[in-house]
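**Student:** Structure in structure tokens, see below.
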Amino acid sequence: MGKSKNNKFKRPQFNSAGLPVGAVKDVEEEHEEEDHVDAECPAAELLEKLQSPSADVREFACASISRVVQQSQTIPSFLQRDVVKRLGPMLLDCSLAVRETAAGALRSANLSACGGHEVCEDMVKQDILTPLTSLLREVRLDQHSVSPCVRSSSCVRSSPCVFHVTCVHCVVSESSSQALSVFNKAGLLDVIIQCLETHTHNVELAISAAHCLHTVTEDNPELLCSMNVAVLTSLEMVLGSTSPDMAHNHLRTLAAGVMWNLKSSLPAARQAQTLSAVAATLAQCLALDAGVLLPQLRAAEEARFAGAAAETVSADQAGGASKFLEMEEMEEEEEAAPPKKNGKKAVKDTDFSDLLPRDKGELRDAVALLSAQQTSLEIIVNMCCSDDPSDDEWEEASSSDESEAGPDALCDGLSGLMSPLCLSAEVHAALVHHRIPEKVLKKTQFPCKEAMDVCQQNPSWKCLIKKMQRVQYRALTCLHNVLSTMDVESLGGAEALQGVAQHLSSLVFSPPEIPKEEEFLEAVTSAMRSLLQTIASKNIPQCMSPQQLMSLSEAATRCDVVSVRVNALAILGITGSTLAKVKGTADTLQMIGNALLQVASKDANLVVNGEALDALLDVFADGDEAEKAARNIQLLTALKTLQPVFKSKIRKEGRGKYSPEQLCVLDNIKVNLRRFIGYLETVMKK
1 MGKSKNNKFK
11 RPQFNSAGLP
21 VGAVKDVEEE
31 HEEEDHVDAE
41 CPAAELLEKL
51 QSPSADVREF
61 ACASISRVVQ
71 QSQTIPSFLQ
81 RDVVKRLGPM
91 LLDCSLAVRE
101 TAAGALRSAN
111 LSACGGHEVC
121 EDMVKQDILT
131 PLTSLLREVR
141 LDQHSVSPCV
151 RSSSCVRSSP
161 CVFHVTCVHC
171 VVSESSSQAL
181 SVFNKAGLLD
191 VIIQCLETHT
201 HNVELAISAA
211 HCLHTVTEDN
221 PELLCSMNVA
231 VLTSLEMVLG
241 STSPDMAHNH
251 LRTLAAGVMW
261 NLKSSLPAAR
271 QAQTLSAVAA
281 TLAQCLALDA
291 GVLLPQLRAA
301 EEARFAGAAA
311 ETVSADQAGG
321 ASKFLEMEEM
331 EEEEEAAPPK
341 KNGKKAVKDT
351 DFSDLLPRDK
361 GELRDAVALL
371 SAQQTSLEII
381 VNMCCSDDPS
391 DDEWEEASSS
401 DESEAGPDAL
411 CDGLSGLMSP
421 LCLSAEVHAA
431 LVHHRIPEKV
441 LKKTQFPCKE
451 AMDVCQQNPS
461 WKCLIKKMQR
471 VQYRALTCLH
481 NVLSTMDVES
491 LGGAEALQGV
501 AQHLSSLVFS
511 PPEIPKEEEF
521 LEAVTSAMRS
531 LLQTIASKNI
541 PQCMSPQQLM
551 SLSEAATRCD
561 VVSVRVNALA
571 ILGITGSTLA
581 KVKGTADTLQ
591 MIGNALLQVA
601 SKDANLVVNG
611 EALDALLDVF
621 ADGDEAEKAA
631 RNIQLLTALK
641 TLQPVFKSKI
651 RKEGRGKYSP
661 EQLCVLDNIK
671 VNLRRFIGYL
681 ETVMKK
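Following the UniProt record's numbering, the numbering of the sequence shown begins with 1 at its first residue and continues without gaps.
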């Protein structure tokens with residue numbers, strides 16, 4: 001009871017290049033002068049420029065808004081002046097450049113990502129999807145619309161289609177049911193599929209479309225009903241492509257995610273083959289070693305720059321002075337290129353709507369690699385996750401005393417939800433066949449020193465450090481779900497699990513001090529919790545000492561993230577219940593008991609209080625050592641003091657603040673606490 005639900009990733013948030021906002025800022029630092037916009041530039045002034053008769057001024061205003069709203073503190077001033085309503089018409093501007101930059105201001109690297117869910121909701125309320133829908137209807141890939149643009153490789157980076165499709169993805173990615181409804185009713189699926197089919201000659205547009213599909217196909221039954229053989233065939237064509245470049249690797253990964261979302265719509269005859277293709281795609285992506293590839297890509301970039309410089313010198317020496325002067329002038333413009341008087345950017349090499357400059361091909365490949373691996377891990381997390389609560393989460397949920405269940409009968413009807421969390425035979429076989437657990441474990445390692453050094457030494461590559469770390473965090477979360485859903489034999493047996501324990505121990509205890517990064521702590525404590533539960537259930541010895549686990553739990557219980565504190569308490573509960581069966585452990589049990597009592601009485605979160613009490617019941621449920629420790633810490637007296645306080649907090653704070661599911665578990669703990677106090681009273685009389 002009181003156990004948290006397995007992690008699941010819902011609608012991963014990505015843009016067409018897979019680059020987070022922070023990374024955009026890092027990449028653009030070296031081009032700060034050419035695109036310089038004063039962060040303090042008043043919103044009113046920029047919004048007024050959107051009405052200028054000059055297309056150049058309107059374009060500059062859109063680009064300026066894009067830059068300014070990357071600072072979250074500036075967003076309210078724009079929202080108060082109806083920025084979404086004013087930018088909407090710009091999407092239908094007569095100038096393609098204005099359309100492009102307006103879409104850039106609304107895309108995930110700007111308003112929707114920086115502003116978050118509330119901004120996206122505001123965008124939908126202000127009917128931003130109407131002009132976007134109109135745009136996408138214009139870009140149908142037929143002989144009479146934009147086919148020359150999207151089919152020309154020379155126009156790949158300037159195609160407005162990329163930005164329009166990405167902008168739609170930005171809006172619907174914040175789980176707006178209204179946005180999804182508009183998408184469904186507008187019949188945009190066929191347009192997005194057509195964009196996806198350009199993957200052989202316009203991979204950027206295809207990636208943008210795949211991101212959008214990955215978003216709109218999750219938890220969208222209405223859309224799934226409209227899936228047909230043609231749609232599935234298009235996706236299978238992408239999934240079966242063999243292009244080795246990183247962009248296509250990223251595209252295939254996204255297509256695999258879409259196919260997983262569509263699994264319920266697949267014809268029975270194609271399900272096994274498709275599942276195998278999805279698992280193979282994810283395995284191939286995870287098999288790539290970023291620690292080797294990133295230094296190689298950086299070396300290739302340096303060699304290319306050196307070669308370009310040598311060619312320039314050679315051309316000048318051979319009499320090509322005019323070409324050299326032209327390049328020199330371009331470099332001077334790039335170093336200090338203020339906007340022209342008409343507002344148009346002087347240097348177009350770093351088009352603002354693109355996330356990376358054109359001369360950063362190797363960096364784009366590195367970003368694509370890490371984004372693909374992060375997406376792959378998130379898909380595997382969902383493959384190893386059930387929408388139904390697990391046995392751990394709702395253990396004995398129906399055992400509550402009905403007289404204490406409360407007027408709302410919180411646990412009524414939940415018995416039907418208590419199905420075990422398990423993998424289908426097909427998914428299990430696919431994961432094992434393609435050695436997914438082994439590949440996931442490898443990705444949980446810290447980024448290698450060589451790759452970190454490469455990123456630290458070059459300003460534009462520093463953005464990849466966070467990306468590498470996020471891959472590790474996703475891998476740890478993925479490991480948690482794999483351990484929770486696969487049997488010991490499939491994971492390699494007792495010896496393999498002991499190796500996993502040693503590995504997780506090295507991640508946490510090898511650094512000078514336990515890492516404090518919240519996302520890391522959440523992921524690693526989840527993985528440790530699942531591993532310890534599995535090891536304990538099979539009576540497998542594990543290598544982490546109680547003292548180490550105590551130090552981890554102490555660090556975790558100081559974390560602001562509730563799930564980290566809950567995981568830490570669960571780890572203590574599992575450790576203590578195991579030690580209670582071993583002679584001579586009373587002192588350690590006493591230490592664990594005091595720590596749990598401290599949290600149960602002082603933590604401000606009711607769920608954390610409940611988890612601490614639940615862990616106490618596990619630790620002191622049985623055994624001579626547990627009985628001795630309970631006497632030493634006066635556990636009975638402490639629990640009698642806590643019991644009325646806990647019941648009062650459930651009654652006063654529970655309704656409205658916690659979900660019905662959480663309240664059901666808390667109610668169950670309350671009932672078991674009463675019973676446990678009765679048990680202790682009997683034991684202490686001996």
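Ideal Cβ placement from N, Cα and C applies to all residues, glycine included. As the structure is a computational prediction, the values presented were derived from the model and not from experiment.
(1) How many Å lie between S545 and T101 at the Cα?
(2) Roughly how many angstroms lie between the CA atoms of H433 and V57, to the nearest whole one?
(3) With distances taken between CB atoms, is the gap from A372 to H201 smaller than 8 Å?
(4) Going by C-alpha to C-alpha distance, which of N481, S376 and S537 sits closest to V471?
(5) Using only the alpha-carbon positions, how far apart do L589 and K649 sit?
(6) What three-state label does DSSP hand H214 in the structure shown?
(7) So, are the CB atoms of E218 and L297 less than 8 Å apart?
(8) Quick check on the burial criterion: 16 or more other C-beta atoms within 10 angstroms. Buried or exposed for A44?
(9) For V381 and M684, what's the separation of their Cα atoms in angstroms?
(10) What span of residues does the alpha helix (DSSP H) with V471 cover, start to end?
(11) Where does the unbroken alpha helix (DSSP H) through residue 712 begin, and where does it stop?
(12) Just to confirm the assignment: which complete alpha helix (DSSP H) runs, minimum length 4, are found wholly within the region 596 to 634?
(13) Taking the alpha helix (DSSP H) that C543 belongs to, which residues open and close that run?
(14) Give me the Cα-Cα distance between M591 and D622, rounded to the nearest whole angstrom.
(15) Using a Cβ-Cβ cut-off of 7 Å (strictly less than) and excluding sequence neighbours within five positions of G257, which residues of its own chain qualify?
(16) What residue does the alpha helix (DSSP H) around A179 start on, and which one ends it?
(17) Are the CB atoms of L673 and Q643 within a distance shorter than 8 Å?
(18) Can you tell me whether DSSP reads I514 as helix, strand or coil?
(19) Compute the Euclidean distance between the alpha carbons of V524 and K85, then round it to the nearest angstrom.
(20) Tell me which residues share the same chain as A272 and place their Cβ nearer than 7 Å to its Cβ, disregarding the 5 neighbours each side in the sequence.
(21) By how many angstroms is the C-alpha of C559 removed from the C-alpha of E518?
(22) Looking at the ligand SAH, does it come within less than 7 Å of R270, judged from the CB to the closest heavy atom?
(23) In chain order, what residues of the same chain lie with their CB nearer than 7 Å to the CB of V91, ignoring the 5 residues before and after it?
(24) In whole angstroms, give me the CA-to-CA distance for residue 689 and V564.
(25) Rounded to the nearest angstrom, what separates E396 and C664 at their Cα positions?
(26) How many angstroms separate the CA atom of L282 from the CA atom of N481?
(27) On the CB-based measure, 16 or more other CB atoms within 10 Å of its CB, does C94 come out buried or exposed?
(28) Could you pull out every residue in the same chain whose Cβ sits closer than 6 Å to the Cβ of A61, ignoring the five residues on either side in sequence?
(29) Note down the Cα distance separating Q445 from Q284, rounded to an integer number of angstroms.
(30) Return the CA-CA distance between L576 and M528, expressed in angstroms with no decimal places.
(31) Report yes or no: do three or more beta-carbon pairs, one from the region 498 to 515 and one from the region 455 to 469, lie closer than 8 Å?
(32) Let's see if you can read the secondary structure: which residues bound the alpha helix (DSSP H) around C62?
(33) Among A494, K360 and A277, whose alpha-carbon lies nearest the alpha-carbon of E301?
(34) Within the same chain, show all residues whose beta-carbon is closer than 7 Å to that of V278, passing over the 5 residues directly before and after it, in chain order.
**Tutor:** Walking through what the data contain:
(1) By 1-based counting over the sequence shown, the position of residue 545 is 545. By 1-based counting over the sequence shown, the position of residue 101 is 101. Answer to the nearest angstrom: the Cα atoms are 57 Å apart.
(2) Your numbering for residue 433 matches position 433 in the sequence shown. Your numbering for residue 57 matches position 57 in the sequence shown. Spanning the two alpha carbons is a distance of roughly 58 Å.
(3) Here the question's residue 372 lines up with position 372 in the sequence shown. Here the question's residue 201 lines up with position 201 in the sequence shown. No, the Cβ-Cβ distance between A372 and H201 is not below 8 Å.
(4) Translated into the one-based positions of the sequence shown, residue 471 becomes position 471. For the residues N481, S376 and S537, the minimum Cα distance to V471 belongs to S376.
(5) As a working mapping, residue 589 is identified with position 589 in the sequence shown. As a working mapping, residue 649 is identified with position 649 in the sequence shown. Each residue's Cα considered, the two are about 27 Å apart.
(6) Within the sequence shown, residue 214 is the residue found at index 214, counting from 1. Helix.
(7) Residue mapping note: residue 218 aligns to position 218 of the sequence shown, counting from 1. Residue mapping note: residue 297 aligns to position 297 of the sequence shown, counting from 1. Going by C-beta atoms, E218 is not nearer than 8 Å to L297.
(8) Locating residue 44 in the sequence shown gives position 44, where the first residue counts as 1. Result: exposed.
(9) As a first step, residue 381 must be located in the sequence shown, where it is residue number 381. As a first step, residue 684 must be located in the sequence shown, where it is residue number 684. Rounded to whole angstroms, V381 to M684 spans 46 Å at the Cα level.
(10) The residue you call residue 471 lines up with position 471 of the sequence shown. Segment C463 to T485, the alpha helix (DSSP H) holding V471.
(11) Nothing can be reported for residue 712, as the shown portion of the chain is limited to 1 through 686.
(12) 606 to 619 and 624 to 632
(13) Counted from its first residue, the sequence shown places residue 543 at position 543. Careful: C543 lies outside any alpha helix (DSSP H) and carries neither H nor E.
(14) The residue you call residue 591 lines up with position 591 of the sequence shown. The residue you call residue 622 lines up with position 622 of the sequence shown. Spanning the two alpha carbons is a distance of roughly 17 Å.
(15) By 1-based counting over the sequence shown, the position of residue 257 is 257. H214, T375 and I379.
(16) Translated into the one-based positions of the sequence shown, residue 179 becomes position 179. Start and end: S177 to K185.
(17) Stepping through the sequence shown from its first residue, residue 643 is reached at position 643. Stepping through the sequence shown from its first residue, residue 673 is reached at position 673. Yes, these two residues count as a Cβ contact at 8 Å.
(18) To locate residue 514, count along the sequence shown from 1; it is residue 514. Note: I514 maps to coil in three-state DSSP.
(19) Position 524 of the sequence shown, counting from 1, holds the residue named residue 524. Position 85 of the sequence shown, counting from 1, holds the residue named residue 85. Their backbone Cα atoms lie some 43 Å apart in a straight line.
(20) Here residue 272 corresponds to residue number 272 of the sequence shown, with the count starting at 1. The residues are E426.
(21) Counting from 1 along the sequence shown, the entry for residue 518 is found at position 518. Counting from 1 along the sequence shown, the entry for residue 559 is found at position 559. Each residue's alpha carbon lies about 7 Å from the other.
(22) Among the components of this structure there are no ligands whatsoever, and the ligand SAH is therefore not found.
(23) For the purposes of this step, residue 91 is taken as residue 91 along the sequence shown, with counting starting at 1. For the record, residue 91 in the displayed sequence is Leu; it is not Val. Within the same chain, L91 has close Cβ partners R99, A102, A103, P131, L132 and L135.
(24) No answer is possible for residue 689: the residues shown for the chain start at 1 and end at 686.
(25) Sequence index remark: in the sequence shown, residue 396 carries index 396 (1-based). Sequence index remark: in the sequence shown, residue 664 carries index 664 (1-based). Legend: pLDDT at E396 = 34, less than 50; position of this residue unreliable, value from coordinates given subsequently. For E396 and C664, the distance between alpha carbons rounds to 11 Å.
(26) Residue 282 sits at position 282 when you count from the first residue of the sequence shown. Residue 481 sits at position 481 when you count from the first residue of the sequence shown. Cα to Cα, the separation comes out at about 16 Å.
(27) Here residue 94 is taken as the residue at index 94 of the sequence shown, counted from 1. Answer is exposed; the Cβ neighbour count stays below 16.
(28) Along the sequence shown, one-based indexing puts residue 61 at 61. The answer, listed in chain order, is L46, K49 and L50.
(29) Locating residue 445 in the sequence shown gives position 445, where the first residue counts as 1. Locating residue 284 in the sequence shown gives position 284, where the first residue counts as 1. The straight-line gap from Cα to Cα measures roughly 18 Å.
(30) Against the sequence shown, residue 576 aligns to sequence position 576. Against the sequence shown, residue 528 aligns to sequence position 528. In the sequence as presented, Leu is not what sits at residue 576; that position holds Gly. Rounded to the nearest angstrom, the two C-alpha atoms are 15 Å apart.
(31) no
(32) Within the sequence shown, the letter at position 62 stands for residue 62. Unbroken alpha helix (DSSP H) run through C62: A55 to V68.
(33) By 1-based counting over the sequence shown, the position of residue 301 is 301. Per the Cα distances, K360.
(34) Walking along the sequence shown from the start, residue 278 turns up at place 278. Excluding sequence neighbours, V278 sits near A256, M259 and W260.
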